[in-house]
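A.B. asks: Below is a structure I'd like to ask you about.
Protein chains: 2
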Amino acid sequence: MSRRTKQSPERGNARLRLLEAARDIIRAKGFAATSVDDLCRAADVTKGAFFHHFASKDALGVAAADFWAETTTDFFTAAPYHAPPDPLARVLAYVAFRKAIILGEIAQFTCLVGTLAQEVYSSTPEVREACARSIFGHTATLEADIEAARSDRGIAGDWTAESLARHTQAVIQGGFVLAKAGNDPALARESLDHLDRYIRHLFHVT
Amino acid sequence: MSRRTKQSPERGNARLRLLEAARDIIRAKGFAATSVDDLCRAADVTKGAFFHHFASKDALGVAAADFWAETTTDFFTAAPYHAPPDPLARVLAYVAFRKAIILGEIAQFTCLVGTLAQEVYSSTPEVREACARSIFGHTATLEADIEAARSDRGIAGDWTAESLARHTQAVIQGGFVLAKAGNDPALARESLDHLDRYIRHLFHVT
DNA sequence: TTTAACATACCATACGGTCGGTATGTGTCA
DNA sequence: TGACACATACCGACCGTATGGTATGTTAAA
Chain A
34 MSRRTKQSPE RGNARLRLLE AARDIIRAKG FAATSVDDLC RAADVTKGAF FHHFASKDAL
94 GVAAADFWAE TTTDFFTAAP YHAPPDPLAR VLAYVAFRKA IILGEIAQFT CLVGTLAQEV
154 YSSTPEVREA CARSIFGHTA TLEADIEAAR SDRGIAGDWT AESLARHTQA VIQGGFVLAK
214 AGNDPALARE SLDHLDRYIR HLFHVT
Chain B
34 MSRRTKQSPE RGNARLRLLE AARDIIRAKG FAATSVDDLC RAADVTKGAF FHHFASKDAL
94 GVAAADFWAE TTTDFFTAAP YHAPPDPLAR VLAYVAFRKA IILGEIAQFT CLVGTLAQEV
154 YSSTPEVREA CARSIFGHTA TLEADIEAAR SDRGIAGDWT AESLARHTQA VIQGGFVLAK
214 AGNDPALARE SLDHLDRYIR HLFHVT
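Respectively, the protein sequence lines represent chains A and B.
Position one of the first sequence corresponds to residue 34 (the working numbering), numbered consecutively onward.
Position one of the second sequence corresponds to residue 34 (the working numbering), numbered consecutively onward.
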């Protein structure tokens, strides 16, 4: 009679569901504390499906970091902060945007690859490298605007666009750490206000 | 005959040795990935000793965070950056000092309670709170110098000494995350250069 | 002789991972 | 069009080990 197979969810997207579960659960509990069974339960798949798609838990870690890189790249590419014609305005809009999306539950606005890197940097080099690709790939997208703003306005100073882009990321990541420790998202926003002020100082704007 | 007991290390300091092992191993592997057996092995004690001193692994986490708070308080209290009579000079000396001690292996200069908080913030509130006490207790020590520097020099601005002290901590923590992701301590130092520049800007010094 | 500070053996469970099997889609050729 | 071959996606029972934790015994200082 029933043409449906038991109650199984749509076939063919187990991998995606596992990656989404990993993204959400690892941000809340950390990588080591997240078991394969946790992920299977959340994704509503079996262990067989897990190890069909990923050779090991570590391999899932790498895939999750890569998945994060892809989805965040899409997200930031589509974000509105690219609109202003003035490159400095775009940089400041980026900072404002990063502040604006710090909302709701801590596990939902914090950075998967920052958490992941901090946890496995010395244990699992492949995961660490995937995290590095995601983080520094993202900073690179900001670097172009910073460099354009700098030559645009003839700003000198003993700093590089590359290092300022990385510093921006450091402030964001550090804000997440404080927000987690203090259990208050406002702590992350606060640091972005200081970053905004710093950048305006560097470019002599008020 | 022999009055010594086998080859057992001095009796009475198992707790301290376990806390030191926790400090070192958790910074390298993370809390969840560090097993009780790992700690016992590193501290050269048995499981009996572990559970004699700590009711559970989580309880050790709290104790390790408290231990970190104590030892870092002592360390920073004794540090030379308090010497300058000018409060702003002390603040800048603090930043320089934080930069100067970023040396050697990543696991040896990074922050236990930052790592710990990021990992267990939602799973183990008691550990998270112990981490918060350590971090924000430390920022409070910087706050006094910032406030003194500010009133000293009549600096206005829409920021508070408290928030700048926290921002300083965010930059440090974020630098650690980048250093771990990129496997390069220089990434942590780099952000402290930006922080130094920012503070000089705020206080109109060059 | 009491008590803190261990040591040792042990336990139940949770963990990552394996394996034989089944369901479903897909290309091919008569 | 249909039958067959094959590949992919998934299932779920099972395995060996590592884990946090316990129960009981021993040592040595006060």
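Glycine included, C-beta positions come from ideal geometry on N, C-alpha and C.
Report yes if the C-beta distance between A163 of chain A and L121 of chain A is below 8 Å; otherwise report no.
C.D. replies: Against the first sequence, residue 163 of chain A aligns to sequence position 130. Against the first sequence, residue 121 of chain A aligns to sequence position 88. Between A163 of chain A and L121 of chain A, the gap from beta carbon to beta carbon reaches 8 Å or more.
A.B. asks: Do L52 of chain B and A96 of chain B have their C-beta atoms within less than 8 Å of each other?
C.D. replies: By one-based count along the second sequence, residue 52 of chain B stands at place 19. By one-based count along the second sequence, residue 96 of chain B stands at place 63. Contact flag set, yes.
A.B. asks: So what does DSSP say about D107 of chain B, is it helix, strand or coil?
C.D. replies: The residue given as residue 107 of chain B occupies position 74 in the second sequence. Three-state result, D107 of chain B: helix.
A.B. asks: Given E152 of chain A, which residues of its chain have a CB within under 7 Å of its CB, disregarding the five upstream and five downstream residues?
C.D. replies: Stepping through the first sequence from its first residue, residue 152 of chain A is reached at position 119. Here the set comprises G63, F64 and A65.
A.B. asks: At a Cβ cut of 9 Å, what residues of the stretch 207 to 233 of chain B count as close to chain A, listed as they run along the chain?
C.D. replies: G207, G208, F209, V210, L211, A212, K213, A214, G215, N216, L220, A221, E223, S224, D226, H227, L228, R230 and Y231
A.B. asks: Examine chain B for any beta-carbon lying closer than 8 Å to the beta-carbon of V95 of chain A, and answer yes or no.
C.D. replies: The residue labelled residue 95 of chain A in the question sits at position 62 within the first sequence. Under the 8 Å criterion on CB atoms, V95 of chain A is classed as non-interfacial with respect to chain B.
A.B. asks: If contacts are defined as beta-carbon pairs under 8 Å, then G215 of chain A and A165 of chain B qualify, I think. What distance do you get, rounded to the angstrom?
C.D. replies: Looking up residue 215 of chain A in the first sequence gives position 182. Looking up residue 165 of chain B in the second sequence gives position 132. With 8 Å as the limit, G215 of chain A and A165 of chain B qualify as a contact, their Cβ atoms being about 5 Å apart.
A.B. asks: Please classify C164 of chain A: does DSSP put it in a helix, a strand, or coil?
C.D. replies: Numbered from 1 along the first sequence, position 131 holds the residue referred to as residue 164 of chain A. Correct three-state label for C164 of chain A: helix.
A.B. asks: What residues from the stretch 53 to 73 of chain A come within 7 Å of chain B, judged by C-beta to C-beta, listed N to C?
C.D. replies: A61, K62, G63, A65 and A66
A.B. asks: State the Cα-Cα distance for the pair S248 of chain A and L49 of chain B, rounded to the nearest angstrom.
C.D. replies: Since the displayed chain A opens at 34 and closes at 239, residue 248 of chain A lies outside it and no answer follows.
A.B. asks: Would you list, in sequence order, the uninterrupted alpha helix (DSSP H) runs of no fewer than 4 residues that lie entirely inside the stretch 40 to 73 of chain B?
C.D. replies: 47 to 62
A.B. asks: Should the stretch 184 to 200 of chain B be regarded as contacting the stretch 126 to 134 of chain B, the criterion being three or more beta carbon pairs within less than 8 Å?
C.D. replies: No, the stretch 184 to 200 of chain B is not in contact with the stretch 126 to 134 of chain B.
A.B. asks: How long is the line joining the alpha carbons of H200 of chain A and H85 of chain B, rounded to whole angstroms?
C.D. replies: Numbered from its first residue, the first sequence carries residue 200 of chain A at position 167. Numbered from its first residue, the second sequence carries residue 85 of chain B at position 52. Those two C-alpha atoms are separated by around 45 Å.
A.B. asks: Under the assumption that A102 of chain A contacts S167 of chain A (Cβ atoms under 8 Å), give the Cβ distance between them as a whole number of angstroms.
C.D. replies: Residue numbering aside, residue 102 of chain A sits at position 69 when the first sequence is read from its first letter. Residue numbering aside, residue 167 of chain A sits at position 134 when the first sequence is read from its first letter. Correct: roughly 4 Å between the Cβ atoms.
A.B. asks: Evaluate L235 of chain B with the Cβ neighbour count: other Cβ atoms within 10 Å of its Cβ, from every protein chain shown; 16 or more gives buried, anything less gives exposed.
C.D. replies: The residue you call residue 235 of chain B lines up with position 202 of the second sequence. L235 of chain B comes out buried.
A.B. asks: Go through its chain and collect everything with a Cβ distance to F100 of chain A's Cβ below 6 Å, but skip five positions before and after it.
C.D. replies: Translated into the one-based positions of the first sequence, residue 100 of chain A becomes position 67. Hits under 6 Å: L52.
A.B. asks: Can you tell me whether T143 of chain B is buried or exposed? The criterion is at least 16 other CB atoms within 10 Å of its CB, across all chains shown.
C.D. replies: On the second sequence, residue 143 of chain B is found 110 positions in, with the first residue counted as 1. T143 of chain B comes out buried.
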